[in-house]
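Structure first, then comments.
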Amino acid sequence: MYESPSWLHELWVARDTLWAGFQASVYVSALAIIFGTLIGIVAGLILTYGKFWMRAPFRLYVDLIRGTPVFVLVLACFYMLPALGWQISAFQAGAVGLTLFCGSHVSEIVRGALQAIPRGQLEAGKAIGLTFYQSLGYVLLPQALRQILPTWVNSSTEIVKASTLLSVIGVAELLLSTQQVIARTFMTLEFYLFAGFLFFVINYAIELFGRYIEKRVALP
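For the sequence shown, our numbering assigns the number 12 to the initial residue and increments by one for each residue that follows.
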(Lines of atoms letter the chains of each structure in order from A and count residues from 1; the text may use other names and numbers.)
(Lines give C-alpha, C1' and ligand atoms only; values in the text may rest on other atoms or scores of the structure.)
Protein backbone atom coordinates (compact mmCIF):
# COMPACT_ATOMS: atom_id res chain seq x y z
CA MET A 1 0.00 0.00 0.00
CA TYR A 2 1.38 3.42 -0.98
CA GLU A 3 2.02 5.88 1.83
CA SER A 4 2.50 9.56 1.07
CA PRO A 5 5.79 11.07 2.29
CA SER A 6 5.67 12.85 5.62
CA TRP A 7 5.97 16.64 5.85
CA LEU A 8 9.31 16.37 7.64
CA HIS A 9 10.66 14.26 4.81
CA GLU A 10 9.49 16.80 2.23
CA LEU A 11 10.92 19.61 4.34
CA TRP A 12 14.29 17.89 4.32
CA VAL A 13 14.11 17.38 0.55
CA ALA A 14 13.22 21.07 0.04
CA ARG A 15 15.74 22.42 2.57
CA ASP A 16 18.06 23.98 -0.03
CA THR A 17 15.22 25.74 -1.85
CA LEU A 18 13.71 27.11 1.35
CA TRP A 19 17.08 28.11 2.76
CA ALA A 20 17.93 30.02 -0.42
CA GLY A 21 14.55 31.77 -0.25
CA PHE A 22 15.06 32.60 3.42
CA GLN A 23 18.49 34.08 2.69
CA ALA A 24 17.08 36.15 -0.18
CA SER A 25 14.32 37.55 2.06
CA VAL A 26 16.80 38.43 4.80
CA TYR A 27 19.25 39.97 2.34
CA VAL A 28 16.77 42.16 0.47
CA SER A 29 15.10 43.23 3.73
CA ALA A 30 18.45 44.12 5.30
CA LEU A 31 19.49 46.16 2.26
CA ALA A 32 16.18 48.04 2.21
CA ILE A 33 16.21 48.71 5.96
CA ILE A 34 19.85 49.85 6.12
CA PHE A 35 19.84 52.10 3.06
CA GLY A 36 16.26 53.22 3.65
CA THR A 37 17.19 54.26 7.18
CA LEU A 38 20.17 56.26 5.91
CA ILE A 39 18.01 57.98 3.30
CA GLY A 40 15.33 58.62 5.91
CA ILE A 41 17.76 60.21 8.37
CA VAL A 42 19.10 62.59 5.72
CA ALA A 43 15.62 63.43 4.43
CA GLY A 44 14.25 63.87 7.94
CA LEU A 45 17.03 66.28 8.88
CA ILE A 46 16.53 68.33 5.72
CA LEU A 47 12.74 68.41 6.16
CA THR A 48 13.23 69.68 9.71
CA TYR A 49 16.11 72.13 9.41
CA GLY A 50 16.65 72.69 5.69
CA LYS A 51 15.73 75.78 3.69
CA PHE A 52 12.69 75.70 1.43
CA TRP A 53 14.65 74.95 -1.76
CA MET A 54 16.20 71.95 0.01
CA ARG A 55 12.97 70.74 1.59
CA ALA A 56 10.83 70.89 -1.56
CA PRO A 57 12.29 67.88 -3.48
CA PHE A 58 12.40 65.73 -0.32
CA ARG A 59 8.83 66.70 0.53
CA LEU A 60 7.80 65.62 -2.97
CA TYR A 61 9.70 62.33 -2.59
CA VAL A 62 8.16 61.51 0.79
CA ASP A 63 4.59 62.39 -0.18
CA LEU A 64 4.81 60.61 -3.53
CA ILE A 65 6.34 57.39 -2.22
CA ARG A 66 4.20 57.19 0.93
CA GLY A 67 1.10 57.60 -1.21
CA THR A 68 2.11 54.76 -3.53
CA PRO A 69 1.35 51.11 -2.63
CA VAL A 70 4.48 49.01 -2.21
CA PHE A 71 3.23 46.59 -4.87
CA VAL A 72 2.97 49.39 -7.44
CA LEU A 73 6.36 50.76 -6.40
CA VAL A 74 8.06 47.38 -6.89
CA LEU A 75 6.46 46.97 -10.33
CA ALA A 76 7.42 50.52 -11.28
CA CYS A 77 11.07 49.92 -10.38
CA PHE A 78 11.07 46.61 -12.25
CA TYR A 79 9.60 47.98 -15.48
CA MET A 80 10.49 51.67 -15.51
CA LEU A 81 14.16 51.60 -14.50
CA PRO A 82 15.20 49.36 -17.44
CA ALA A 83 13.11 51.58 -19.73
CA LEU A 84 15.16 54.55 -18.51
CA GLY A 85 18.38 52.75 -19.39
CA TRP A 86 19.26 51.30 -15.98
CA GLN A 87 19.70 47.58 -16.60
CA ILE A 88 19.19 45.87 -13.25
CA SER A 89 18.03 42.46 -12.11
CA ALA A 90 14.63 41.73 -10.58
CA PHE A 91 16.27 41.41 -7.16
CA GLN A 92 17.93 44.82 -7.50
CA ALA A 93 14.70 46.44 -8.72
CA GLY A 94 12.83 45.01 -5.76
CA ALA A 95 15.52 46.19 -3.35
CA VAL A 96 15.35 49.72 -4.81
CA GLY A 97 11.57 49.80 -4.45
CA LEU A 98 11.67 48.63 -0.83
CA THR A 99 14.51 51.04 -0.02
CA LEU A 100 12.60 54.03 -1.39
CA PHE A 101 9.52 52.98 0.55
CA CYS A 102 11.48 52.50 3.78
CA GLY A 103 13.30 55.83 3.34
CA SER A 104 10.06 57.78 2.95
CA HIS A 105 8.63 56.37 6.17
CA VAL A 106 11.81 56.73 8.20
CA SER A 107 12.13 60.37 7.10
CA GLU A 108 8.74 61.16 8.61
CA ILE A 109 9.68 59.27 11.78
CA VAL A 110 12.88 61.30 12.11
CA ARG A 111 11.15 64.59 11.30
CA GLY A 112 8.42 63.99 13.87
CA ALA A 113 10.91 63.03 16.58
CA LEU A 114 13.10 66.10 15.96
CA GLN A 115 10.16 68.47 15.89
CA ALA A 116 8.95 67.07 19.21
CA ILE A 117 12.14 68.33 20.90
CA PRO A 118 11.70 71.88 22.27
CA ARG A 119 13.49 74.35 19.97
CA GLY A 120 14.96 76.02 23.04
CA GLN A 121 17.43 73.15 23.33
CA LEU A 122 18.96 74.08 19.99
CA GLU A 123 19.19 77.69 21.13
CA ALA A 124 20.77 76.57 24.41
CA GLY A 125 23.41 74.67 22.44
CA LYS A 126 24.25 77.80 20.47
CA ALA A 127 24.45 79.76 23.72
CA ILE A 128 27.21 77.54 25.09
CA GLY A 129 29.20 77.67 21.85
CA LEU A 130 28.07 74.49 20.09
CA THR A 131 27.77 74.53 16.32
CA PHE A 132 24.57 73.29 14.70
CA TYR A 133 26.14 69.92 13.92
CA GLN A 134 27.51 69.57 17.45
CA SER A 135 24.07 70.37 18.89
CA LEU A 136 22.58 67.85 16.51
CA GLY A 137 25.00 65.10 17.49
CA TYR A 138 25.21 65.70 21.23
CA VAL A 139 21.80 67.16 22.11
CA LEU A 140 19.06 66.53 19.55
CA LEU A 141 19.69 63.14 17.96
CA PRO A 142 20.25 61.23 21.26
CA GLN A 143 16.85 62.45 22.46
CA ALA A 144 15.16 61.81 19.12
CA LEU A 145 16.56 58.29 18.99
CA ARG A 146 14.49 57.24 21.99
CA GLN A 147 11.32 58.28 20.16
CA ILE A 148 12.41 56.92 16.80
CA LEU A 149 13.27 53.36 17.81
CA PRO A 150 9.79 51.88 18.51
CA THR A 151 8.36 53.22 15.24
CA TRP A 152 11.50 52.26 13.31
CA VAL A 153 11.14 48.66 14.51
CA ASN A 154 7.54 48.63 13.27
CA SER A 155 8.56 50.05 9.87
CA SER A 156 11.37 47.50 9.57
CA THR A 157 9.03 44.58 10.20
CA GLU A 158 6.69 46.00 7.55
CA ILE A 159 9.58 45.97 5.07
CA VAL A 160 10.22 42.29 5.82
CA LYS A 161 6.56 41.50 5.16
CA ALA A 162 6.57 43.64 2.02
CA SER A 163 9.53 41.63 0.68
CA THR A 164 7.02 38.89 -0.21
CA LEU A 165 5.79 41.15 -3.04
CA LEU A 166 9.06 40.56 -4.87
CA SER A 167 7.75 37.11 -5.80
CA VAL A 168 5.54 38.87 -8.37
CA ILE A 169 8.59 39.99 -10.37
CA GLY A 170 10.24 36.57 -10.13
CA VAL A 171 12.57 37.02 -7.15
CA ALA A 172 12.96 33.65 -5.45
CA GLU A 173 12.50 34.94 -1.90
CA LEU A 174 10.91 32.87 0.85
CA LEU A 175 7.31 33.09 -0.37
CA LEU A 176 8.06 32.15 -3.97
CA SER A 177 10.37 29.35 -2.82
CA THR A 178 7.59 28.05 -0.57
CA GLN A 179 5.11 28.16 -3.45
CA GLN A 180 7.51 26.19 -5.62
CA VAL A 181 7.77 23.51 -2.96
CA ILE A 182 3.99 23.45 -2.51
CA ALA A 183 3.51 23.01 -6.28
CA ARG A 184 5.57 19.82 -6.03
CA THR A 185 4.32 18.40 -2.73
CA PHE A 186 0.73 19.79 -2.51
CA MET A 187 1.32 20.34 1.22
CA THR A 188 -0.14 23.83 1.22
CA LEU A 189 -1.00 24.42 4.86
CA GLU A 190 2.15 22.87 6.27
CA PHE A 191 4.61 24.84 4.17
CA TYR A 192 2.74 28.15 4.41
CA LEU A 193 2.73 27.79 8.19
CA PHE A 194 6.45 27.04 8.11
CA ALA A 195 7.08 30.11 5.93
CA GLY A 196 5.04 32.20 8.37
CA PHE A 197 7.18 30.89 11.22
CA LEU A 198 10.37 31.88 9.39
CA PHE A 199 9.04 35.41 8.79
CA PHE A 200 8.20 35.58 12.48
CA VAL A 201 11.80 34.62 13.31
CA ILE A 202 13.13 37.47 11.15
CA ASN A 203 10.77 40.05 12.62
CA TYR A 204 11.34 38.86 16.17
CA ALA A 205 15.09 39.26 15.67
CA ILE A 206 14.49 42.86 14.56
CA GLU A 207 12.32 43.45 17.62
CA LEU A 208 15.02 42.08 19.93
CA PHE A 209 17.61 44.30 18.27
CA GLY A 210 15.34 47.31 18.79
CA ARG A 211 14.88 46.44 22.47
CA TYR A 212 18.64 46.11 22.90
CA ILE A 213 19.26 49.55 21.41
CA GLU A 214 16.45 51.05 23.51
CA LYS A 215 18.11 49.76 26.67
CA ARG A 216 21.45 51.19 25.60
CA VAL A 217 20.05 54.68 25.01
CA ALA A 218 17.54 54.70 27.89
CA LEU A 219 17.98 57.32 30.56
CA PRO A 220 19.45 55.94 33.82
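Where a beta carbon is used, it is the ideal one built from N, C-alpha and C, also for glycine.
Close Cβ partners of residue i (< 7 angstroms) along its chain, the five nearest in sequence each way excluded
i, result
"Ser-174", "Ser-36, Val-39, Ser-40, Leu-109 and Glu-184"
"Ala-101", "Phe-89, Ile-180, Gly-181 and Val-182"
"Ile-128", "Leu-151, Gln-154 and Ala-155"
Coarse secondary structure for residue i, derived from DSSP in three states
i, result
"Ala-43", "helix"
"Ser-188", "helix"
"Thr-110", "helix"
"Gln-98", "coil"
"Ala-206", "helix"
"Ile-62", "For the record, residue 62 in the displayed sequence is Lys; it is not Ile. In the structure shown, Lys-62 sits in coil (DSSP, three-state: anything other than H, G, I, E or B)."
"Gly-181", "coil"
"Phe-197", "coil"
"Ser-166", "helix"
"Ser-17", "coil"
"Gly-78", "coil"
Exposure of residue i, with buried meaning 16 or more beta-carbon neighbours within 10 Å
i, result
"Leu-176", "buried"
"Ala-43", "buried"
"Ala-216", "exposed"
"Phe-131", "Sequence inspection shows Gly at residue 131; the Phe mentioned does not correspond to that position. Per the 10 Å Cβ criterion, exposed."
"Ser-178", "buried"
"Gly-47", "buried"
"Ser-188", "buried"
Other residues of its chain near residue i: CB distance less than 6 angstroms, five sequence neighbours each side excluded
i, result
"Leu-141", "none"
"Leu-111", "Ile-76"
"Ile-193", "Thr-199 and Phe-202"
"Ile-50", "Gly-114"
Cβ distance (whole Å) where residue i is taken to contact residue j below 8 angstroms
i, j, result
"Trp-163", "Ile-120", "6 angstroms"
"Leu-160", "Ile-224", "6 angstroms"
"Gly-1", "Val-85", "Outside the shown range of the chain, which is 12 to 231, sits residue 1, and nothing can be said about it."
Contacts around residue i, its chain only, beta-carbon distance under 8 angstroms, and the 5 residues preceding and following it disregarded
i, result
"Arg-66", "Ile-57 and Leu-58"
"Thr-168", "Asn-214, Ile-217 and Glu-218"
Residue i at chain D interface by Cβ criterion, 8 angstroms
i, result
"Val-192", "Protein chain content of the structure displayed is limited to a single chain, and chain D is not contained in it."
Segment contact, 8 angstroms Cβ cut-off, at least three pairs: the segment 113-120 with the segment 68-81
Touching, yes.
Between the segment 196-214 and the segment 16-25, are three or more C-beta pairs nearer than 8 angstroms?
yes
At least three beta-carbon pairs within less than 8 angstroms, the segment 118-125 to the segment 45-57
yes
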